[in-house]
Structures are given as structure tokens and as C-alpha cells.
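Numbering (this note's numbering), first residue to last: 3 to 267.
Built from N, CA and C at the ideal position, the CB exists for glycine as well.
These numbers come from a predicted model, not from an experiment.
Reading through the C-alpha cells given below for one structure.
Below you can see the structure in the form of C-alpha cells.
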């Protein structure tokens, strides 16, 4: 793992393979290992950059809420360290939220977007209150009740019933986060702006991926983005939940590879 110092946090990332660069951002509350199967396949052709977002995996959370501004600044530091000017970027869930912010700040560095299992809308007042309550509870009760409650929301019913090994792998990633990490990441997501107005400004090739069993975002959110992002493509992964690249890496790779090949020229 390499690292960069970004403001008040040390941000860790992994690099696999050689070739045109592509960055893959993981969902909350996990780490870059969500992309392991996809990254291994893509690394035969690409230089795959796999950050642990602030507060996740090996990366520090820093002081205060882990806002989208902070995450986007962290990504810019990684690209500078790797001497990468412009590249395709993919993000799952919070990874997508970060990419909307990165686009607003540094769209000249974005060659293409792959938005997986994410949504453009900000939290509703009820959703924001639930995040902040969850942040408070995890500080009081520890992480395990929260993580156990997240499993049925993040992994499809198919995955939970047929792949207990993946459930345990997901929990192992989640358990790297301390209570303060989960709390500050939740608070940062609660503060994120509405990105629906941003969608119409996106003028790079865009691919939207979701799972047909995604209970958190799903087809309706992907369809909203497709309607607002000009010339975007959309794909639905069967038997996949909110962690579709982790649950169905072969299928997601098959969707991403031709899209990336076209970008790479």
C-alpha cells in the first residue's frame, strides 16, 4: 500500500497492473477490497488505483466529519502523487457521492465516470436524521450492532443465502472501521449536497451500474441518473445487491471492460 498525506489524514491506496490508469472507489463501510475481483481482471490491461477512502480501511478519518470536499481533495492528492492528469473513475455508493464532488471541483481530470449502486439525491431530512442517530449510537454501543444491521441492506438476498463466505469477507472489511470512523463518515454523508443539478453538467462518457436486488439505491436511482446524464449507458447486474462489484465481479467486469476499452482508444 502506498500513501499520501492529505490535510489532516494519511490516505492509503493500492496500485495494480500497468497501462492506462483507472481509479475505483469502494462503498461505505468497507475498503478497496470490494473491488478485488474486478481489479485483478482489469490489471492485465490497466493501471488500477484503489484508494481506501478517508475513515475506511487503512486511511485516517481526520478531524471532524469526512465531507465530500475532503474525500475529493484526497483523490486529487493521490492523482498528483501518481502523476496522473486525467483518467476514468468508478465509484460505488459513497464512492459515487465523492465522484460528483470531484467532478464539481476538477472535471478536467475526469475522462469518464462509472457510477455503481449510488444516487445523486441528497439525504431526505429523515435520512439525514437517521445517519446522525446512527453515528451517535455507534459511539455509544460500538460498531458490531451497526454492521450486522447493514448486512441485509448491502448484500443481496441471493448473496446472503448462497455465499456465506462473501458475507464474512464483507464483515471483515467493515470491522476495520473504528466507531469514530463510522460516525464521522456518516456525518460527512449527511452533509453532502444534492447532486441532481450536477448530472446535466456531466459531458464525459458515463456508465451506470446497479444490482437488481439493491435495496439501498437500485434501478430507480440509476434510471434517474440515466435520464439526466446525456448519452449515458445503464446496466443492471442480476442477483446483486448494493455491493455489486464485490458480489458479482465477473459480471461487472464484463460490463466495464468494453466501456473502458472505448475510452482507452
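If the five residues before and after residue 111 are omitted, its C-beta is found closer than 6 Å to the C-beta atoms of 88, all from its own chain and listed in chain order. Straight-line spacing of the CA atoms in residue 238 and residue 229 works out to 15 Å. Per DSSP, the unbroken alpha helix (DSSP H) holding residue 184 starts and ends at 181 to 192. Apart from the 5 residues on each side of it in sequence, residue 250 sits with its Cβ closer than 6 Å to the Cβ of 239 and 242 in its chain, given in chain order.
Three or more Cβ pairs closer than 8 Å define a contact, and the stretch 96 to 110 meets that threshold against the stretch 64 to 78. With a cut-off of 8 Å on Cβ pairs, the stretch 164 to 177 is in contact with the stretch 21 to 41, counting three or more such pairs. Secondary structure of residue 90 (DSSP, three-state): strand. Around the Cβ of residue 126, a 10 Å sphere holds fewer than 16 other Cβ atoms; the residue is exposed. Assignment of residue 174 by DSSP, reduced to helix, strand and coil, places it in the helix class.
Take the alpha-carbon of residue 64 and the one of residue 235: they are about 36 Å apart.
In chain order, 3, 14 and 54 place their CB closer than 7 Å to the CB of residue 60, counting only its own chain and leaving out the 5 sequence neighbours on each side.
Beta-carbon to beta-carbon, residue 16 and residue 44 are separated by about 13 Å, too far to satisfy the 8 Å threshold.
Restricted to the stretch 31 to 60, the alpha helix (DSSP H) segments that are unbroken, complete and at least 4 residues in length are 38 to 44, listed in chain order. Classified as buried, residue 216 has 16 or more neighbouring CB atoms from the shown chains inside 10 Å of its CB. In the DSSP secondary-structure assignment, residue 18 is bridged to 50. Its chain contains 117 and 120 as the residues whose beta carbon lies nearer than 6 Å to that of residue 98, once the 5 sequence neighbours on both sides are disregarded; these appear in chain order. Residue state for residue 229 is assigned as helix, using DSSP reduced to three classes. A direct Cα-Cα distance of roughly 43 Å separates residue 19 from residue 128. In this chain, the beta strand (DSSP E) harbouring residue 212 covers 208 to 213.
For residue 23, there is no enclosing alpha helix (DSSP H); the residue is found in the beta strand (DSSP E) stretching over 23 to 27. 8 Å or more divides the Cβ of residue 227 from the Cβ of residue 113. Counting only residues of its own chain and dropping the five nearest sequence neighbours on each side, residue 204 has a CB closer than 7 Å to the CB of 105, 115 and 231. Contact between the stretch 185 to 204 and the stretch 137 to 145 is present: 3 or more CB-CB pairs across the two stretches fall below 8 Å.
Following the DSSP letters along the chain, one finds residue 152 inside the alpha helix (DSSP H) bounded by residues 146 to 156. With at least 16 other beta carbons inside 10 angstroms of its own, residue 28 counts as buried.
Take residue 202, set aside five residues on each side of it, and the residues of its chain with a beta-carbon closer than 6 Å to its own are 230, in chain order.
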